[in-house]
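**Student:** Have a look at this one before I ask anything.
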Amino acid sequence: MSNLDNTKSIALDSQHAHSPTPNINLDDIWRIARRNAMLITATSLIGLAIGTIILQSTPPTYSSTSVLLIETRKVRALQDAYVFSGDNYGSTETDLSSQIELLKSDAIVGRIVDKLGLANFAQPASDPTATPLTNTETQHARANAISSVKYGLDIRRIPKTMALSISYTSGDRQAAAAIANATAEAYIEDQRLAHKDAALRATTWLNEQLAEIKELVKNAEEAVQQYKTSRGLVSTDGTLVQDRRLTEANRQLMALREEVAAFSTRYEQVQKIISNKTDAAFTQELAADPIVLQLRAKYVSLLSDERTNSIKLGENHAVVARLRKQKDAVEQSIRSELERIATTLSKELELARAREAKLTSEFDQQTVANSQSAEVQIELRELERRSDAYKKMYNDLFQRHQNALQQQSLDERNARIITPAIAATQKNGPSAPRILALSLLLGGAAGGTLGLLRAFGDRTIRTKNQIQTELGLQSAWILPLLSSSDLAQTRTKTADDSARKAPDREIRNAGTIMRVTLDRTNSQFSQAMQAIKLDLDQTFPDRRCRTIGVVSLHTDDGATTVAKNFASLLARTGARTLLVDADIKDHELTTLLAPGAKRGLIEATSHPNSTPLHDVTFEERDSRLHVLPVETNGDTSYTADFLASTAMKALIDRSTEVHDYLVIDLPPMLQALDAQAIAPYLDALLIVASWGHTQSAIAHQAISNDPVIRAKCLGVVINKTDMRKLRHYQSNDVHIS
Numbered sequence: 175m176s177n178l179d180n181t182k183s184i185a186l187d188s189q190h191a192h193s194p195t196p197n198i199n200l201d202d203i204w205r206i207a208r209r210n211a212m213l214i215t216a217t218s219l220i221g222l223a224i225g226t227i228i229l230q231s232t233p234p235t236y237s238s239t240s241v242l243l244i245e246t247r248k249v250r251a252l253q254d255a256y257v258f259s260g261d262n263y264g265s266t267e268t269d270l271s272s273q274i275e276l277l278k279s280d281a282i283v284g285r286i287v288d289k290l291g292l293a294n295f296a297q298p299a300s301d302p303t304a305t306p307l308t309n310t311e312t313q314h315a316r317a318n319a320i321s322s323v324k325y326g327l328d329i330r331r332i333p334k335t336m337a338l339s340i341s342y343t344s345g346d347r348q349a350a351a352a353i354a355n356a357t358a359e360a361y362i363e364d365q366r367l368a369h370k371d372a373a374l375r376a377t378t379w380l381n382e383q384l385a386e387i388k389e390l391v392k393n394a395e396e397a398v399q400q401y402k403t404s405r406g407l408v409s410t411d412g413t414l415v416q417d418r419r420l421t422e423a424n425r426q427l428m429a430l431r432e433e434v435a436a437f438s439t440r441y442e443q444v445q446k447i448i449s450n451k452t453d454a455a456f457t458q459e460l461a462a463d464p465i466v467l468q469l470r471a472k473y474v475s476l477l478s479d480e481r482t483n484s485i486k487l488g489e490n491h492a493v494v495a496r497l498r499k500q501k502d503a504v505e506q507s508i509r510s511e512l513e514r515i516a517t518t519l520s521k522e523l524e525l526a527r528a529r530e531a532k533l534t535s536e537f538d539q540q541t542v543a544n545s546q547s548a549e550v551q552i553e554l555r556e557l558e559r560r561s562d563a564y565k566k567m568y569n570d571l572f573q574r575h576q577n578a579l580q581q582q583s584l585d586e587r588n589a590r591i592i593t594p595a596i597a598a599t600q601k602n603g604p605s606a607p608r609i610l611a612l613s614l615l616l617g618g619a620a621g622g623t624l625g626l627l628r629a630f631g632d633r634t635i636r637t638k639n640q641i642q643t644e645l646g647l648q649s650a651w652i653l654p655l656l657s658s659s660d661l662a663q664t665r666t667k668t669a670d671d672s673a674r675k676a677p678d679r680e681i682r683n684a685g686t687i688m689r690v691t692l693d694r695t696n697s698q699f700s701q702a703m704q705a706i707k708l709d710l711d712q713t714f715p716d717r718r719c720r721t722i723g724v725v726s727l728h729t730d731d732g733a734t735t736v737a738k739n740f741a742s743l744l745a746r747t748g749a750r751t752l753l754v755d756a757d758i759k760d761h762e763l764t765t766l767l768a769p770g771a772k773r774g775l776i777e778a779t780s781h782p783n784s785t786p787l788h789d790v791t792f793e794e795r796d797s798r799l800h801v802l803p804v805e806t807n808g809d810t811s812y813t814a815d816f817l818a819s820t821a822m823k824a825l826i827d828r829s830t831e832v833h834d835y836l837v838i839d840l841p842p843m844l845q846a847l848d849a850q851a852i853a854p855y856l857d858a859l860l861i862v863a864s865w866g867h868t869q870s871a872i873a874h875q876a877i878s879n880d881p882v883i884r885a886k887c888l889g890v891v892i893n894k895t896d897m898r899k900l901r902h903y904q905s906n907d908v909h910i911s
């Protein structure tokens, strides 16, 4: 099985694509706010200063309010029986909105300006030598005063009432009260004048209409009388005699027909009962004759006794037979009585039908007589209807005319002031707490917005969560930024070691930053290195030697420092460890540990038989770490081909036979293809990213473009991390593991 197949479990599946847009929750927003606390504080203070300046430069204002009650009555002189109606008209909301617009109109506000002389404030002060204002200038000054009053006027409906609150805001408290009251009074005066004008116009129009309709009524009545006289029509109580006779004959005929129908119905019912031979026929008998009712009761009693004794004594018993004979006798008596009733009803029905025929003949004769004068009557009724319509119209208009005359002299007002405005004792603006609070809030919001924009624009690697969600890798480790105080403990020992002359094959002390895992074994830096070793051992538990490459994306990410400290940590635990400098062009590791090395990686690879590893490696005295440098004067051309060669693979295989760990320091991925070239020969790759400097999109592209790199990647080491700021990005990343 190949190394690629053995390490596929290191990376996540390729479906974890890079997401340029992070998922933001409340915790993320809180952390963004914490790390931008200084910015938010600064913008809040700036906002507070601006609010203070606004307060100092804004003069105080005062508001006075009067309350106006609106009566929902409207002039209706031309529609209803009364000039005024007390019913509500239209929608209350719509009506009050209309009244508010009327109060804000130029007509009402212009009256206020004229009454209080507010337009004079826009004119120059009285001066005998001043030139009088022209008509145009006066109108312009009045228009400016109207606009100024309308700007300070605030009219609102008091909820669930027919009252309007009229408020005016001004720098002069006395002027505010005067204008608020003047607005209400101007509205009342406008309504009063509108009322009188409507009543006057209605009265004038009604006078003209009454004269015309009076003449029409007179002409219509004369036409009716002339028509009756010319046709010889006689009437009583306003009704023609012929019509009254026909109506009476019709009423008598209808009554007689109802009587015939009643006799006929009773006769048919009796005949039906007589023709029915069963007992059930008696239950439908409708006659009210007392004899029939008495016989029917006796029949029912005998029928009941017969049934009872039949059950007790039997059908053939003498008592039952006697009761049956009595029942039959009673039944025969009932039928005889019903036949008598039927005979009587038949005679009465014949008499009624005879009277009906006679009355029908008389009605037909009267109808024929009336039909001869039908056209005359139709024309007469048309003349009478026209006369009645004119009379009704005249009476209605006359009533309205009288009401309009009364309303014309009545001082009717549709509104009244229920709360007059008074001069304010306290200013209503500007509100210092409100303006300062709003300024502080807006300043803080501006700072928070800038912080969010800065956070959204920051796409650098800072948290382990980014490694998992954006790069699609399971493992990530945090290496803290090593400050001067962190390195102070190793400074003295380093100076003593530097004073001692190192043997020929012993590495040179390169400074405290390369010895953190040796000198500060309990530091966060060392613990993170131990976590990397633990993950490496768990990933490859069966490997006799674990080969791992350490590579960064950029030059300053600190891959060489990570490789040296990680290798020293491995060697310090007793494992046979070889650190290889594979950065042939820059050879930073060789410069720090074995400067001026003439033999190393290139010679050991090119001449494996004549160059044993122990002849070209250097050793770290404290940890027993072996270091294979690269020749500082070696050929730097085609380094990728060199690392991908079979000779390099042979060197790696030869090194794994005598070592437990093989750590290879590689050049940055964005500057050379060396990491991609040697990746197939490695068990795993450690990618080093600089906290807050390495772009996650660039890292994702570099890892995803090469499937071998992605498969071999053990994880990402986030180097140079500011641990105090880290908790503001993701709290769970404060821990090393």
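Residues are numbered in the numbering used here as their position in the sequence shown, beginning at 1, plus a constant of 174. All C-beta atoms in this analysis are idealised placements derived from N, C-alpha and C, irrespective of residue type, glycine included. Computed from a predicted model, the values in this text were never measured in an experiment.
(1) By the three-class DSSP mapping on this structure, what secondary structure does Lys894 have?
(2) Under 8 Å Cβ to Cβ from Arg828, same chain only, skipping five residues before and after it: list those, please.
(3) Does the distance from the CB of Ile883 to the CB of Thr813 come in under 8 Å?
(4) Output yes or no for whether 8 Å exceeds the beta carbon distance between Val804 and Thr764.
(5) Would DSSP call His491 helix, strand or coil?
(6) Given Ala741, which residues of its chain have a CB within under 6 Å of its CB, disregarding the five upstream and five downstream residues?
(7) If you drop the 5 nearest sequence neighbours on each side, which residues of the same chain put their C-beta closer than 8 Å to that of Leu487?
(8) Out of Glu432, Thr403, Gly625 and Gln600, point me to the one whose CA is closest to Arg208's CA.
(9) Give the single residue among Thr439, Asn807, Glu513 and Leu615 whose Cα lies nearest to the Cα of Leu222.
(10) Could you tell me if Asp755 is buried or exposed, where buried requires 16 or more neighbouring beta carbons within 10 angstroms of its beta carbon?
(11) Counting along the chain, where does the alpha helix (DSSP H) carrying Ser225 start and finish?
(12) Just tell me which of Asn577, Thr791 and Pro841 has its CA closest to the CA of Leu767.
(13) Got a sec? Which residues, its chain only, sit under 7 Å from Ala455 by beta carbon, not counting five neighbours each side?
(14) Which of helix, strand or coil does DSSP assign to Gln845?
(15) Is DSSP giving Val832 helix, strand or coil here?
(16) Could you check what DSSP says for Phe572 in three-state terms: helix, strand or coil?
(17) Ignore the nearest five residues each way along the sequence and tell me which others in Pro594's own chain have a CB closer than 7 Å to its CB.
(18) Counting only runs of 4+ residues fully inside the stretch 783-822, write out the alpha helix (DSSP H) ranges in chain order.
(19) I need the DSSP call for Ile340, collapsed to helix, strand or coil.
(20) Do you know how far the Cα of Leu276 is from the Cα of Arg331?
(21) Is the separation between the beta-carbon of Cys719 and that of Asp896 shorter than 8 Å?
(22) State the start and end residues of the unbroken beta strand (DSSP E) segment that holds Tyr236.
(23) If contact is defined by three or more beta carbon pairs under 8 Å, each pair taking one atom from either stretch, is the stretch 396-406 in contact with the stretch 565-583?
(24) Could you tell me if Tyr903 is buried or exposed, where buried requires 16 or more neighbouring beta carbons within 10 angstroms of its beta carbon?
(25) Would you call the CB atoms of Ala650 and Gly866 closer than 8 Å?
(26) Nearest-angstrom Cα distance between Arg250 and Glu267?
(27) Look at the alpha carbon of Lys601 and the alpha carbon of Pro607, and state the distance between them as a whole number of angstroms.
(28) Let me check one thing: in DSSP terms, what residues is Ala863 bridge-paired to?
(29) Am I right that Ser218 and Gly770 are in contact with their C-beta atoms under 8 Å? What's the rounded C-beta distance?
(30) Using DSSP bridges, identify the partner residues of Pro654.
(31) If Ala856 and Thr721 are in contact, beta carbons under 8 Å, what's the gap, nearest whole angstrom?
(32) What are the boundary residues of the alpha helix (DSSP H) that includes Gly284?
(33) Which residue marks the beginning of the alpha helix (DSSP H) containing Leu270, and which one marks its end?
(34) Give the secondary structure of Thr335 by DSSP, where H, G and I count as helix, E and B as strand, and everything else as coil.
(35) Mapping DSSP to helix, strand and coil, what is Leu430?
(36) Please list, in chain order, all residues of the same chain as Lys388 whose beta carbon is under 8 Å from its beta carbon, the five residues on each side excluded.
**Tutor:** On the basis of the supplied data:
(1) If DSSP states are grouped into helix, strand and coil, Lys894 belongs with the strands.
(2) Pro782 and Leu787
(3) no
(4) yes
(5) Looking at His491 - three-state DSSP - the assignment turns out to be coil, as it is neither helix nor strand.
(6) Thr751, Leu753, Leu799 and Val837
(7) Val493 and Val494
(8) Gly625
(9) Ranking Thr439, Asn807, Glu513 and Leu615 by CA distance to the CA of Leu222 puts Leu615 first.
(10) buried
(11) It should be pointed out that residue 225 corresponds to Gly in this sequence rather than to Ser. Taken as a continuous stretch (DSSP letters only), the alpha helix (DSSP H) holding Gly225 covers Ala211 to Ser231.
(12) Thr791
(13) Note that Ala455 scores 45 on pLDDT, short of 50, meaning its location in the model is unreliable; the coordinates nonetheless yield the value given after this. Closer than 7 Å at the Cβ level, and outside the excluded window around Ala455, lie Ile447.
(14) coil
(15) The three-state secondary structure of Val832, taken from DSSP, is coil.
(16) helix
(17) Ser240 and Asn355
(18) 787-790 and 813-817
(19) strand
(20) 13 Å
(21) no
(22) Tyr236 to Ile244
(23) no
(24) buried
(25) No, the pair does not count as a contact, with Cβ atoms beyond the cut-off.
(26) Caution is warranted here: a pLDDT of 48 is assigned to Arg250, below 50, making its placement in the model unreliable, and the coordinate value is therefore given only provisionally. For Arg250 and Glu267, the distance between alpha carbons rounds to 21 Å.
(27) 14 Å
(28) Ile892
(29) That pair is no contact at about 59 Å.
(30) Per DSSP, Thr895.
(31) The sequence as given places Leu at residue 856; Ala does not occur at that position. Indeed they touch by this definition, with Cβ atoms about 5 Å apart.
(32) Going by DSSP, Gly284 is part of the alpha helix (DSSP H) stretching over Asp280 to Leu290.
(33) Thr266 to Leu277
(34) coil
(35) Of the three classes helix, strand and coil, the one that applies to Leu430 here is helix, per DSSP.
(36) Tyr568
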